[in-house]
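In our numbering, the protein residues as written are 1 to 366. Below you'll find the structure, written out as structure tokens, and then a few comments.
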Amino acid sequence: LPLVDMKIRRLSICLSLLQYNHFRFASAFANRASSRRSSSVQQRQRLSPSLDTSPQQQRRRTPSQHTSTSTHVTMTTNANNQQSNNSNPLTINCLPQPLLLGSASFTRKLILSQMNIPYHVVVRPIDERTLGDRTMNANPEELVLLLANAKMDKLLGEIEGGGCDGELSDALEVSSASGSELDDKNGMESNNDSVNDKEKEWIILTGDQVVTCQNRILEKPTSISEAKQFVSLYATHPPSTVGSVVLTHFPSGIRVEGVSVATIYFKESVAHSTTTRITTDETTNNERRDEGGPTDDDDSRPMDLVDRLLEQDAPILSCAGGLMIEHPLVQEHVERIDGTEDSVMGLSKDLVVRLLGELKVRLDER
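As structure tokens, this is what we get:
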């Protein structure tokens with residue numbers, strides 16, 4: 001029976017890896033297609049007069065347009081799980097679609113897909129490391145809200161200045177192509193009918209996440225050695241993820257925001273190394289044997305969790321704190337999570353659903 005259980009567990013891990021890699025490759029393909037479209041748009045724009053995208057043209061927020069909500073997620077059930085599989089929070093709240101996602105994170109795209117929220121990626125990077133306080137005992141919630149709002153301001157300025165016209169047109173084309181099919185299916189009128197990208201209303205989402213451990217703010221590791229330092233701390237000091245979500249309605253500028261926090265308790269094994277054989281082909285083994293050298297049975301090297309993730313081409317340097325809680329190799333070391341897995345992955349479903357509801361209320365009050 002123990003042998004059967006072990007084989008079943010290995011099979012489960014292999015299936016999870018297949019699903020994980022399938023989404024990564026699909027996201028990479030979509031990103032390359034979006035990049036080619038953006039490049040084409042930029043080439044067309046070079047042939048036309050330049051647009052004024054000065055800071056003075058960027059939208060300024062007023063206190064009445066901006067609400068903030070901080071949520072510490074401590075339940076393991078998601079608002080998304082309480083809805084039917086075919087529900088869409090944008091449709092439920094009568095909000096414009098598709099959502100504009102100001103993030104290239106494949107986990108955020110995965111979570112939006114799980115929530116049945118149609119989205120289109122429009123990213124305008126900022127220099128995150130020049131903003132905010134990252135000193136010992138600094139407030140991580142303030143930092144992630146500052147960064148998410150900075151990303152939103154940059155994206156809004158680009159949209160207002162016409163720098164995203166090509167991408168918005170792409171979003172409308174995709175939305176109109178799939179919208180009529182979904183509307184017929186749901187018996188609803190499309191929000192996008194006969195509306196061009198200049199008149200269209202948009203809901204824009206940006207976010208940010210950091211990991212905290214021992215009162216330190218850990219962002220994306222800058223090297224493999226730093227990622228290993230982070231992971232070594234997690235065996236004895238449970239890390240917490242602090243993630244922000246900012247939603248803005250365009251063109252009104254009404255904005256809502258919130259924070260979700262989750263804590264991960266790892267087993268001590270997360271910091272252990274395992275001995276892994278270095279595999280070679282049969283010909284190489286025979287040559288080594290003839291020469292009296294080592295074969296596969298002799299070749300081995302210690303591998304820690306980061307090494308094993310790198311062997312799977314996992315993008316650990318793109319994850320805050322080097323954490324990839326969704327990866328099967330990481331999950332086998334997790335004892336429990338105080339919060340939700342989607343919050344750890346970078347986008348709390350509970351928070352998104354609640355903020356969309358708050359945004360709808362604010363829009364109705366206009």
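Using N, Cα and C, we set each Cβ at its ideal position, and we do this for glycine too. Values in this document were obtained by computation on a predicted structure and should not be read as measured data.
Please determine, among L205, L359, L143, the residue with the shortest C-alpha to C-alpha distance to A104. Residue 104 sits at position 104 when you count from the first residue of the sequence shown. Of L205, L359, L143, the residue nearest in Cα terms is L205.
Quick one: what does DSSP say A262 is sitting in, helix, strand or coil? Position 262 of the sequence shown, counting from 1, holds the residue named residue 262. Three-state DSSP puts A262 in a strand.
Start and end residues, beta strand (DSSP E) containing S103: In the sequence shown, counting from the first residue as 1, residue 103 sits at position 103. No beta strand (DSSP E) contains S103, which DSSP labels as neither H nor E.
Following the continuous beta strand (DSSP E) through V270, name the residue where it begins and the one where it ends. Position 270 of the sequence shown, counting from 1, holds the residue named residue 270. No beta strand (DSSP E) contains V270, which DSSP labels as neither H nor E.
Using 8 Å as the cut-off, can you tell me whether the region 92-102 makes contact with the region 328-341, which would need three or more C-beta pairs spanning the two stretches below that distance? no
First and last residue of the uninterrupted alpha helix (DSSP H) at L310: Taking the first residue of the sequence shown as 1, we reach residue 310 at position 310. Its alpha helix (DSSP H) spans residues 305-311.
Looking at C-beta atoms only, is the number of pairs between the region 113-127 and the region 158-168 that lie closer than 8 Å three or more? yes
Give the DSSP bridge partners of L247, in chain order. Indexing the sequence shown from 1 puts residue 247 at position 247. L247 is bridged to L205, V256.
Specify the secondary structure class of L417 as computed by DSSP and reduced to three states. Residue coverage of the chain in this structure runs from 1 to 366, which leaves residue 417 outside it and unanswerable.
Where does R129 sit, in a helix, a strand or coil, going by DSSP? Position 129 of the sequence shown, counting from 1, holds the residue named residue 129. Helix at R129.
Exposed unless 16 or more other CB atoms sit within 10 angstroms - verdict on D364: Sequence index remark: in the sequence shown, residue 364 carries index 364 (1-based). Classification for D364: exposed.
Would the region 236-244 and the region 308-319 be scored as touching if the rule is three or more Cβ pairs under 8 Å? no
Relative to the C-alpha of T107, which residue among I126, L359, M345 is closest? On the sequence shown, position 107 is the one that residue 107 refers to. It is M345.
Looking only at its own chain, which residues have a Cβ that is under 7 Å from the Cβ of A262, when we skip the five neighbours before and after it? Start at 1 with the first residue of the sequence shown, and residue 262 comes out as number 262. Taken in chain order, the residues that qualify are V73, S240, T241, I337, D338, G339, T340, S343, V344.
Is it right to say M136 is buried, meaning 16 or more other beta carbons lie within 10 angstroms of its own, or is it exposed? Numbered from 1 along the sequence shown, position 136 holds the residue referred to as residue 136. That one is exposed.
Backbone secondary structure at P118 - three-state DSSP: Along the sequence shown, read from residue 1 onward, the residue named residue 118 stands at position 118. Residue state, collapsed to three classes: coil.
Three Cβ pairs or more, each shorter than 8 Å: is that satisfied between the region 349-362 and the region 251-266? yes
Alpha helix (DSSP H) segment containing L90, residue limits: To locate residue 90, count along the sequence shown from 1; it is residue 90. L90 -> alpha helix (DSSP H) spans 89-92.
Please identify the residue among P251, V334, S273, S348 whose C-alpha is closest to the C-alpha of E160. The residue given as residue 160 occupies position 160 in the sequence shown. If we check each option's Cα against that of E160, P251 comes out closest.
Given that a residue counts as buried once 16 or more other Cβ atoms are within 10 Å of its Cβ, and exposed if not, what is R366? Locating residue 366 in the sequence shown gives position 366, where the first residue counts as 1. Answer is exposed; the Cβ neighbour count stays below 16.
Take V144 as the anchor and find which of D153, L131, K154 has the nearest alpha-carbon. Reading the sequence shown from its first residue, position 144 is the one you call residue 144. Closest option to V144, Cα to Cα, is L131.
Classify I325 as helix, strand or coil using the three-state DSSP reduction. The residue labelled residue 325 in the question sits at position 325 within the sequence shown. Note: I325 maps to coil in three-state DSSP.
Considering just the uninterrupted stretch of the alpha helix (DSSP H) at L95, what are its terminal residues? One-based indexing of the sequence shown puts residue 95 at position 95. It is not in any alpha helix (DSSP H) - L95 carries neither H nor E in the DSSP assignment.
Counting along the chain, where does the alpha helix (DSSP H) carrying E158 start and finish? Here the question's residue 158 lines up with position 158 in the sequence shown. From DSSP, the alpha helix (DSSP H) with E158 extends over 140-160.
Cα-Cα separation, R362 to V231: The residue given as residue 362 occupies position 362 in the sequence shown. The residue given as residue 231 occupies position 231 in the sequence shown. Taking the straight line joining both Cα atoms gives about 42 Å.
Please classify V242: does DSSP put it in a helix, a strand, or coil? What you label residue 242 is simply residue 242 of the sequence shown in a count that begins at 1. Strand.
Determine the DSSP secondary structure at E341, reduced to helix, strand or coil. In the sequence shown, the residue the question calls residue 341 occupies position 341. Three-state result, E341: helix.
So the candidates are L156, M152, S223; which of them puts its Cα closest to the Cα of G322? One-based indexing of the sequence shown puts residue 322 at position 322. Per the Cα distances, S223.
Check Y173 in the structure and name its three-state DSSP category. Taking the first residue of the sequence shown as position 1, residue 173 is located at position 173. Inspection of the sequence shows that residue 173 is occupied by Glu rather than by Tyr. DSSP places E173 in helix when its eight states are reduced to three.
Within 10 angstroms of the Cβ of H272, are there 16 or more other Cβ atoms? Answer buried if so, exposed if not. Stepping through the sequence shown from its first residue, residue 272 is reached at position 272. With fewer than 16 Cβ atoms within 10 Å of its Cβ, H272 is classed as exposed.
Kindly list the residues whose CB is nearer than 6 Å to the CB of N149, restricted to its own chain and excluding five residues on each side of it in sequence; keep chain order. Position 149 of the sequence shown holds residue 149. The answer, listed in chain order, is V246.
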